[in-house]
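Residue numbers for the sequence shown follow numbering that gives the first Met the number 0, beginning at 0 and rising by one. Below is one structure; the comments refer to it alone.
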Amino acid sequence: MLPTGAPVTARGARFGGLDGLRAIAVGMVLVYHLFPSALPGGFLGVDVFFVMSGFLITSLLLRELEKTGRIDLLAFWQRRARRLLPAVALVVLVSTSLALAASRDLLVGVAQQIAGALLFVSNWVFIANGSDYFARDAPELFRNFWSLALEEQFYIVLPLIAVVVFKLRSRITWAIPLAALGLGSAFLMAALANGEADPTRIYFGSDSHSFGLFLGAAMAVLLSRGGNRALGRAGQAASLAVAVAGFTVLGFLAFALREATPESFLGGFQLATLAALAIVWAITREGAVIGRWLDVTPLRWIGERSYGIYLWHWPLLVIVTSIATGAGLGKSWIVPVVTLLLTVTFAALSYRFVEQPVRRVGLRGALVRWFSPRSYTPRRKKISITLAGVLAITFPLTGIAVAIAPAQTSSEDSIRRGQEMLEADRSAGSVSGDEAAGTTSDEEPTSPEEAPPLITIEGRDVTAVGDSVMLASYPELTEAFPGIEVDAAVSRGVWAGVDIVAGMAAQGTLREVVVVGLGTNGPVEVEALAALKEAVGARQLVLVDAHAERDWIAEVNTVLTSFAAEHRGVTLARWDAAVAGTPEFLAEDGIHPGPEGGEIYAASIRTALDELLAPGESAGWATPRR
């Protein structure tokens with residue numbers, strides 16, 4: 000996604016097809032972020048960019064070496080900064096200003112994010128802050144800058160390596176250290192995944208995710224050894240076959256892989272990189288027909304602007320989603336469509352009026368053209384006034400945004416409220432297993448098969464397992480159901496809940512009524528619910544449906560509703576319907592409840608528990624204070 004100038008061969012001729020490949024790669028990322036269920040592995044587009052960047056930058060260094068006999072490190076780094084920083088600065092200023100107008104939640108950590116973006120260390124900033132790349136709730140405004148940082152770090156390291164290895168006589172020996180670094184990074188990713196390291200640490204790490212850059216660089220060195228000769232008929236056929244194979248593998252992985260899964264780190268990213276290497280090799284052969292096919296005008300137009308498209312799309316998606324969620328339109332087609340239109344518009348304007356002028360005449364020359372009265376023409380005057388207005392507005396707004404940025408989001412406030420009370424209760428022993436359940440360690444736990452029919456349900460009869468929504472509602476749950484045992488955590492999925500429930504059942508601490516509130520963080524499979532029901536046994540099971548402006552929520556609730564209807568001893572707590580139309584009782588993310596929302600959450604569970612009792616019975620719950 001980083002601009003490397005016109006893609007050229009070592010002899011100065013233009014590489015065909017790479018702008019088209021850039022368009023495909025940025026398209027994969029856009030679809031993944033805008034329509035995640037349509038292309039779940041679209042994040043692999045970033046790895047395609049890594050291979051292209053490593054290949055092209057190394058080709059440019061080789062070209063400089065052949066023309067001048069040396070590599071001017073300072074000039075190289077100045078060219079990189081000139082190409083990268085103007086667009087970054089514009090995106091940061093405009094996006095931060097828009098975020099200030101949209102929601103204060105979007106400004107959490109914005110000062111660190113801006114510093115990381117401008118210093119090209121965003122990936123390590125996010126790692127240090129414990130960010131989750133794959134989480135879709137409360138996303139950082141400039142989360143996508145992680146890959147920009149990783150590539151720029153590579154641009155600092157590569158010329159230093161080149162200065163040393165290019166002194167060797169054989170170009171094969173030039174490629175060996177580059178290939179070794181690439182293979183080492185690929186193996187490190189797999190090793191960290193085997194060691195159950197944090198997926199975001201593996202994904203963001205410059206050490207564990209730079210193999211595409213180094214392997215692309217190694218391929219550039221090897222291909223430069225024999226020149227880029229025109230292909231004959233057999234070469235054309237081979238080039239086309241390799242490209243088709245590479246696109247087939249990449250396409251399969253883009254549809255088959257899922258984010259943060261072991262398969263992605265234990266071969267998925269590595270195989271996608273090999274596919275990208277094959278594609279780049281095939282399309283950059285001189286006269287390759289596949290390169291000409293990818294050079295069609297629409298793909299070239301997108302590819303030339305892919306850097307800006309990548310930079311703009313994520314902060315705009317975060318801002319548009321926040322505004323739409325507040326208006327109750329978070330699930331609407333409006334979010335991806337508006338985001339896409341704004342992204343293409345902003346990227347096109349940035350490319351024409353900021354990136355290209357700086358690229359052609361440098362930052363100083365561009366400033367003279369923009370603002371010097373001597374260079375004014377009527378058309379240029381309008382452009383200058385517009386740019387000056389944008390800067391005059393966004394600079395102070397960005398400063399204000401940094402100054403008033405909250406320490407955490409409103410959803411994090413809600414979660415912290417529940418977390419602190421839960422931890423306090425656990426420390427006091429008020430929700431410890433045996434005491435709360437009314438048993439002692441000398442008693443034999445009642446097996447599910449021996450469980451007597453329920454006549455009334457009290458809080459001490461209930462075990463609740465859930466995600467951050469349940470955690471945020473914990474104070475209201477304990478008020479409504481005194482003695483309830485709650486095990487809730489952030490970003491928990493249904494399979495994790497199955498393991499927790501099964502573990503409690505095995506230890507004899509699972510109570511006679513089990514409430515499970517999971518589904519906010521991703522799709523729910525029928526197989527997971529079946530495993531949950533098996534772990535619950537003859538106990539009563541309450542499934543809490545999900546409420547969020549996420550594209551998987553409707554399917555999750557359909558699966559939960561159907562499962563509850565089809566299985567005896569299972570009922571549904573209709574949290575989604577209960578809280579619909581009351582966004583004021585939720586945090587700004589439209590997901591996590593505040594105190595009033597927590598009361599609605601508890602009431603939906605109380606209604607479901609009442610349905611478990613025999614007709615005419617009532618549970619006699621404590622009425623929550625309002």
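We put the beta carbon where it would ideally sit given N, CA and C, even for glycine.
Run of the alpha helix (DSSP H) containing residue i, from where it starts to where it stops
i    : result
A323 : S305 to G325
A586 : Looking at the DSSP string, A586 is not in any alpha helix (DSSP H), and its letter there is neither H nor E.
T570 : Where T570 is concerned, there is no enclosing alpha helix (DSSP H), although the beta strand (DSSP E) it sits in stretches over V569 to A572.
D18  : L17 to L33
D131 : Careful: D131 lies outside any alpha helix (DSSP H) and carries neither H nor E.
S184 : R170 to N193
W145 : F144 to V164
F562 : I552 to E565
T344 : I333 to S349
R425 : S409 to A427
F119 : F119 -> no alpha helix (DSSP H), and no H or E assigned at all.
T393 : P377 to I403
Counted within 10 angstroms of its Cβ, other Cβ atoms place residue i as buried (16 or more) or exposed
i    : result
L340 : exposed
L118 : exposed
V388 : With the sequence shown as reference, residue 388 is identified as Gly, and Val is not the correct amino acid for it. So G388 ends up on the exposed side.
P297 : exposed
A553 : exposed
E548 : buried
F54  : buried
E610 : exposed
F254 : exposed
P158 : buried
W145 : buried
K380 : exposed
F125 : buried
G437 : Annotation note: pLDDT 37 at G437 (below 50); position unreliable, coordinate value reported separately. Classification of G437: exposed, given that the 10 Å Cβ count is below 16.
F186 : exposed
T272 : buried
W574 : buried
Q506 : exposed
G72  : The residue asked about is misnamed: residue 72 is Leu in this sequence, not Gly. L72 should be labelled exposed.
E587 : buried
I318 : buried
Q269 : buried
F394 : exposed
G16  : buried
A281 : buried
Start-to-end residues for the beta strand (DSSP E) that takes in residue i
i    : result
L542 : Q539 to V543
E457 : Run containing E457: none; DSSP gives neither H nor E here.
A281 : Premise fails: A281 lies in the alpha helix (DSSP H), F268 to I282, not in any beta strand (DSSP E).
D498 : Not the beta strand (DSSP E): D498 falls in the alpha helix (DSSP H), residues V493 to Q506.
V295 : Run containing V295: none; DSSP gives neither H nor E here.
G516 : V512 to G516
E484 : E484 to A487
Top-ranked residue by Cα proximity to residue i, from the options
i    : options                   : result
T408 : V45, W551, P138 and V468  : P138
P481 : T247, I590 and G458       : G458
D197 : L328, T172 and D131       : D131
V90  : I456, D71 and R142        : R142
S349 : R378, I382 and T324       : I382
H546 : G290, G329 and V93        : G329
T172 : V279, L239, A219 and N193 : A219
E511 : E526, S490 and A463       : A463
R232 : E354, R567, E285 and T508 : E285
V120 : F153, P592 and S94        : F153
V525 : G204, V558 and A504       : V558
G518 : D550, L60, P582 and S209  : D550
R567 : V541, E419 and V50        : V541
V461 : V93, V513 and F584        : V513
I483 : G68, D544, L105 and R425  : R425
T385 : V353, L99 and A527        : V353
L585 : A190, R304, E258 and G325 : G325
Check your understanding: Okay, do the segment 584-602 and the segment 468-477 touch, 3+ Cβ pairs below 8 Å being the bar?
Key -> yes
Review point. Between the segment 104-114 and the segment 160-171, do at least 3 Cβ pairs fall closer than 8 Å?
Key: Too few Cβ pairs lie closer than 8 Å, so no.
**Study point:** the segment 295-314 touching the segment 528-536, judged by at least three CB pairs closer than 8 Å
**Key:** no
Review point. Which runs of the alpha helix (DSSP H), 4 residues or longer, sit entirely within the segment 34-88?
Key: 44-67
Check your understanding: Does the segment 171-184 come within contact of the segment 206-216, defined as at least 3 CB pairs closer than 8 Å?
Key -> yes
Check your understanding: If you pair each beta-carbon of the segment 43-62 with each one of the segment 13-33, do three or more pairs fall below 8 Å?
Key -> yes
Check your understanding: Are the segment 346-365 and the segment 77-88 touching by the rule of at least three beta carbon pairs closer than 8 Å?
Key -> yes
**Study point:** Any 3 or more C-beta pairs closer than 8 Å across the segment 273-281 and the segment 239-253
**Key:** yes
Point to revise | Cβ contact check for the segment 51-69 and the segment 322-337: 3 or more pairs under 8 Å | key: no
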